[in-house]
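Novice: Got a structure for you, questions after.
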Amino acid sequence: MEGVLHQIISGIATGSIYASISLALVMIFLATHQINFAQGEMAMFSTYVALTLIQAGVPYWGAFVLTLVFSFIAGMVLQRTLLEPLARAPVLASVGAFLGLLLIFNNIAGWIFTYTLQPFPTPFGAGAPILGGMLSRHELGSTAVTLVVLTAVWAFFRFTKLGLALRGAAYNPVSSRLVGIPVARMLSLGWGLAAAIGAIAGMMVAPIVFLDPNMMAGVLLYAFAGALLGGITSPLGAVVGGVLMGVIENIAGAYIVGTELKLTTALVIIVVVLVFKPSGLFGKTLANRV
Amino acid sequence: MVDPVASTPIQGGPILEAKGLHAAYGQVRVLHGIDFVVNTGGVTALLGANGAGKTTTLRAICGMVRSTGDLMYDGKRINNMATEAIAAMRVGHVPDGRGTFMELSVEENLRLGGYTRKDSIEPDLERMFAYFPKLKDRFRQQAGTLSGGEQQMLAIARALMIRPRLLLLDEPSFGLAPLIVREIFEIMKQIIATERTSILLVEQNASLALSVADMAYLLETGKIVMSGPAAEIRQDESVRRAYLGY
Amino acid sequence: MTQSNSRFLLILFVVAAAVVPLVFASGYQLFQLTLVVAYALSVLGKNLVTGYGGQVSLGQGAFYAVGAYTAAILMEHFNVPYWATLPVAAVVTGMVGLALGLPALRLGGLYLALVTFAMAVAVPQLLKYKLFENWTGGVQGIVLNKPDAPFGLPLDPDQWVYLFTLSVGVVLFVAATNLVRSRIGLALMAIRDQPLAAEAMGVELSRYKTLTFGFGALFTGVGGALGAIAVGFVSPDSFSIALSLTLFVGMVIGGASSISGAVYGALFIVFVPNLAEEISKAIPGAIFGVILILFMFFAPGGIASLLSAQMRRFRAAR
Ligand SMILES: Nc1ncnc2c1ncn2[C@@H]1O[C@H](COP(=O)(O)OP(=O)(O)OP(=O)(O)O)[C@@H](O)[C@H]1O
Ligand SMILES: [Mg+2]
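Chain order of the listed sequences is D, L and E. All residue numbers for the first sequence refer to the working numbering, where the first residue is 6 and numbers rise by one. All residue numbers for the second sequence refer to the working numbering, where the first residue is 19 and numbers rise by one. All residue numbers for the third sequence refer to the working numbering, where the first residue is 78 and numbers rise by one.
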């Protein structure tokens, strides 16, 4: 029993990181009906930016904030230059552009920073595990950070005029323009936000898995599974689904399939959700966009 | 009888004037050089059968479809400006199909309507509840779950939140039971009387539209075939036979 | 140009493709050309699914891996001669394609892209899995012998493998051309271009889509088997997501909606990295990415449609 509890608690810790990426994916999906296959690589690249800043002597939280600003701007620029022009192109074109981005980020990172694993610092100290040895300080700290971020994002969308406008632009661009919302700018803003949320996830996961250009492949897969499990049209679902995926990963790893089939577990969940409940736990079914 | 409100001579010069307006969807040309005016504080009705180009006219005004010729709003040419820029000049639009933000609440729909406003919109929310008490009861309800009539009211209220100087209404009677239509038009008369907003009203229900309008235009396959004061159009034999059905 | 004329040119081209490298190319160059054919078949499978079937699959690398491992396991554990592994690889990948296609295609659109992407990411891990280790050789993979030329032909193994691969490739390309022109192919294109109209005409969307998915997997799988024979080695990490992405790049750059595009795409993915790798190991991937995006913007029809536009201009000028 103790063991299960341990698995669940540490699952929630990693799950909250998946939840951030799931949320970023769902935000982009709601606004553009596109799936950002490069979301993971963007987060990875942001994490390298943070590492570079830290190695240059910037204190951790300074580097953290600068990285968020960088990611936010980079996300906006990418949306403006690449994705906006392809907004009305067939699925293949936008998928192609995202895969192109994925390749570019992954390989440029490999080129600049090499493919060797690098340790990434945690701001929460090494110290002994807490909660009766169930959670490392970093796990607790990163969970807290992610929860704060997710709450802030929720509050932004729920209580601010800009957040409401972003939601309006995502759900109904035509009516949004008619009430004077600059929809294109809202989409860029959404992309910037998604990129910044991804960057936080990258910086929180890097101390656990070490930093390398392929660091986010597995995280992205779990985030996909989380987003689908929660319902790709539901931001709340994305968060719940992401956290659930962390728990499922741990339980399955410890008691069912072992850690060697982690990715396959995510694949199976993706397929099962899509076949049996494509709308996920919280979402609504969407018509196919062929 | 001409409605006393509509004929009240409070009108200034034209707030909107179209001259030789053409509009097309890609290769498909829909408007072939039409002229019309909406007077300041006046109500202009744009009538016509299905596919005549009424919705397209409203879309051209809002920059949702490309147009040539002249569209003068408040003395300024606005052809092909960005839709959001036109909204920012206080042009409210109740679009074809109502344009409800289905996933959002009634409150959020109204707040989005007031997006361009820099001042407080709380008094306007109260004003909308005065016109449409039904919306007050459904304030927190998801807009997608409203009835058709309620959604139409919401659409009108949303457009009013912008404090429009010009209000474009696309078939507010569409798909609604006669009783609801009458209710909505009663409210609209109230709005016209108190807000003094200039209105361009698109309708297929000609008798209804002519009961609130002071000017009327008849559109047939992208051309204006008749125009004049609403009262005169109402008396016209051919209009009566074709559109008023008596 | 008349039809028989262009067919004659095509035959001439194939004969030249067979003979010229035998005389002039080095062993390594022959190996690269062999890979071109194997990749061309794999990209062809992708073209059928995406270009003709209108379904975005990102997991074609998984089918390539299934084909490659089928051939390798048969050769290693059952002493099946290399040439006899191809029909088995075709059947196995075709069946796997059908089995996956059935649920995946119900979703369509982006969801299919997502599932196949996840599949491509998960493949290496499955190949390493310890329960299959006796068959797959785990992380180590399987090393294969390069086949010698039969009947005492005066060819070294590189030359023979090239000729063999090219012959299989030509046969399958002819088959694909016929498939595309058959009733199935026409129905597919109708589905791709006008899904609603096609359905109204009584075309059974899902059956045809599943069938193409199966055929696509089959072509890619045979490509994988040929690739395994040519490389003489299979291992989990050679079938990572990078392979699926590479095949995707080949498809887009060659031209998804054409048969010949598969060849241009394969030439591109084999030779461009070689040129670029001199700068840095990571550069080819980045270049792939940049070129992919450029093609999405400026030439969504790929090299094939650029070429046919040139041809039309040329003919009009005459
Ligand atoms: N998005 C579009 N693309 C192409 N053609 C369009 C589009 N929207 C409308 N049309 C065409 O333009 C013409 C006028 O349409 P419009 O919607 O303006 O008519 P309407 O007068 O509003 O009709 P209704 O009373 O049925 O609403 C029609 O022939 C229609 O087919
Ligand atoms: Mg209309």
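All C-beta atoms in this analysis are idealised placements derived from N, C-alpha and C, irrespective of residue type, glycine included. Bear in mind the structure is a predicted one, so any value in this text is a computation, not a measurement.
Beta-carbon within less than 7 Å of LEU171(D)'s beta-carbon, same chain only, minus the 5 sequence neighbours each way: which residues are those?
Specialist: Same-chain partners within the cutoff: PHE162, MET191, LEU194 and GLY195.
Novice: GLU281(E): buried (16+ other C-beta within 10 angstroms of its C-beta) or exposed?
Specialist: Looking at its Cβ environment, which holds fewer than 16 other Cβ atoms inside 10 Å, GLU281(E) is exposed.
Novice: I want to check one thing, is the minimum distance from the CB of VAL179(D) to the heavy atoms of ligand 2 below 8 Å?
Specialist: No; taking the cut-off as 8 Å, the Cβ of VAL179(D) has no heavy atom of ligand 2 nearer than that.
Novice: When you check each C-beta in the stretch 198-231 of chain E against every C-beta of chain D, which residues fall closer than 8 Å?
Specialist: Listed in sequence order: VAL198, ALA199, GLN202, LEU203, LYS205, TYR206 and LYS207.
Novice: Going along chain E in order, which residues have a C-beta closer than 9 Å to the C-beta of THR264(D)?
Specialist: Chain E residues near THR264(D): none, gap ~10 Å exceeds 9 Å.
Novice: At which residues does the alpha helix (DSSP H) containing LYS152(L) begin and terminate?
Specialist: 151-155 is the span of the alpha helix (DSSP H), which, as asked, contains LYS152(L).
Novice: Hey, would you say TYR188(E) sits closer than 9 Å to GLY327(E), going by beta carbons?
Specialist: No.
Novice: Closer than 7 Å by C-beta to ALA189(D): which residues in its own chain qualify, once you throw out the five before and the five after it? Chain order, please.
Specialist: GLU89.
Novice: Out of curiosity, what's the CA-to-CA distance linking LEU39(L) and THR73(L)?
Specialist: When rounded, the distance between both Cα atoms is 14 Å.
Novice: What residues in the stretch 152-179 of chain D bring their beta carbon closer than 8 Å to a beta carbon of chain L?
Specialist: Listed by position, the residues of the stretch 152-179 of chain D near chain L (Cβ gap below 8 Å) are LYS166, LEU169, ALA170, ARG172, GLY173, TYR176, ASN177 and VAL179.
Novice: Is the closest heavy atom of ligand 1 to the C-beta of ASN68(L) under 8 Å?
Specialist: Flag set: Cβ of ASN68(L) near ligand 1.
Novice: With respect to the alpha helix (DSSP H) encompassing ILE251(L), which residues constitute its N-terminal and C-terminal limits?
Specialist: ILE251(L) -> alpha helix (DSSP H) spans 248-253.
Novice: Using a Cβ-Cβ cutoff of 7 Å, what residues of the stretch 52-81 of chain L are near chain B? List them in chain order.
Specialist: Looking for chain B here will not work: the only protein chains present are D, L and E.
Novice: Can a CB atom of chain E be found closer than 9 Å to the CB of ARG283(D)?
Specialist: The sequence shown places Pro at residue 283(D), rather than the Arg named in the question. Closer than 9 Å to some Cβ of chain E, the Cβ of PRO283(D) qualifies, so yes.
Novice: Mark ALA148(E) as exposed unless 16 or more other C-beta atoms lie within 10 angstroms of its C-beta, in which case mark it buried.
Specialist: ALA148(E) should be labelled buried.
Novice: Could you tell me which residues DSSP puts in a beta bridge with ARG10(L)?
Specialist: One cannot answer for residue 10(L) here, as it falls past the ends of chain L, which runs 19 to 264.
Novice: Give every residue of the same chain whose Cβ lies closer than 7 Å to the Cβ of ALA100(L), excluding the five residues on either side of it in the sequence, and list them in chain order.
Specialist: Hits under 7 Å: GLY81.
Novice: Could you tell me the distance, in whole angstroms, from the CA atom of THR287(E) to the CA atom of LEU175(E)?
Specialist: Roughly 6 Å separates the two Cα atoms.
Novice: Report the three-state DSSP secondary structure of HIS154(E) (helix, strand or coil).
Specialist: Here HIS154(E) sits in helix by DSSP.
Novice: Report the three-state DSSP secondary structure of ASN57(L) (helix, strand or coil).
Specialist: ASN57(L) falls in the strand class under three-state DSSP.
Novice: From the beta carbon of LEU286(D), is the nearest beta carbon of chain L less than 9 Å away?
Specialist: By this cut-off, LEU286(D) is not an interface position.
Novice: Looking only at its own chain, which residues have a Cβ that is under 7 Å from the Cβ of VAL347(E), when we skip the five neighbours before and after it?
Specialist: Only GLN109, LEU112, VAL113 and TYR116 meet the Cβ criterion.
Novice: Who are the neighbours of ALA105(L) on chain D, taking C-beta pairs under 9 Å?
Specialist: Result: ARG182, LEU183, VAL184, GLY185 and ILE186.
Novice: In chain order, what residues of the same chain have a beta carbon less than 6 Å from the beta carbon of THR37(D), not counting five sequence neighbours either side?
Specialist: Nothing listed; no residue qualifies.
Novice: Taking the alpha carbon of ASN111(D) as the reference point, which residue from SER25(D), PRO218(D) and VAL82(D) has its own alpha carbon closest?
Specialist: Closest option to ASN111(D), Cα to Cα, is PRO218(D).
Novice: List the endpoints of the continuous alpha helix (DSSP H) containing TYR235(L).
Specialist: Not the alpha helix (DSSP H): TYR235(L) falls in the beta strand (DSSP E), residues 233-238.
Novice: Express the C-alpha separation of ARG269(E) and GLY130(E) in angstroms, rounding to a whole number.
Specialist: Going by the C-alpha atoms only, they are around 6 Å apart.
Novice: Based on the DSSP output, what are the partners of GLY32(L) in its beta bridges?
Specialist: With the sequence shown as reference, residue 32(L) is identified as Pro, and Gly is not the correct amino acid for it. Paired residue(s): ASN57(L).
Novice: Using a C-beta to C-beta distance shorter than 7 Å, which residues of chain D count as neighbours of PHE399(E)?
Specialist: Within the shown structure, residues of chain E are numbered from 78 to 395, placing residue 399(E) beyond reach of any answer.
Novice: Between the stretch 200-209 of chain E and the stretch 260-275 of chain D, do at least 3 Cβ pairs fall closer than 8 Å?
Specialist: Touching, per the Cβ criterion.
Novice: According to DSSP, HIS11(D) sits in a beta bridge with which residue or residues?
Specialist: Its beta-bridge partners do not exist; DSSP assigns none.
Novice: Have a look at VAL154(D) and VAL9(D) and give me their C-alpha separation to the nearest angstrom.
Specialist: When rounded, the distance between both Cα atoms is 28 Å.
Novice: For the alpha helix (DSSP H) containing ILE217(L), name the first residue and the last one.
Specialist: Premise fails: ILE217(L) lies in the beta strand (DSSP E), 216-221, not in any alpha helix (DSSP H).
Novice: What are the start and end residues of the beta strand (DSSP E) that includes GLY110(L)?
Specialist: Segment 109-112, the beta strand (DSSP E) holding GLY110(L).
Novice: Is there a C-beta anywhere in chain D that falls below 9 Å from the one on MET146(L)?
Specialist: Chain D, which has no Cβ nearer than 9 Å to the Cβ of MET146(L), makes this no.
Novice: Evaluate GLN106(E) with the Cβ neighbour count: other Cβ atoms within 10 Å of its Cβ, from every protein chain shown; 16 or more gives buried, anything less gives exposed.
Specialist: Classification of GLN106(E): exposed, given that the 10 Å Cβ count is below 16.
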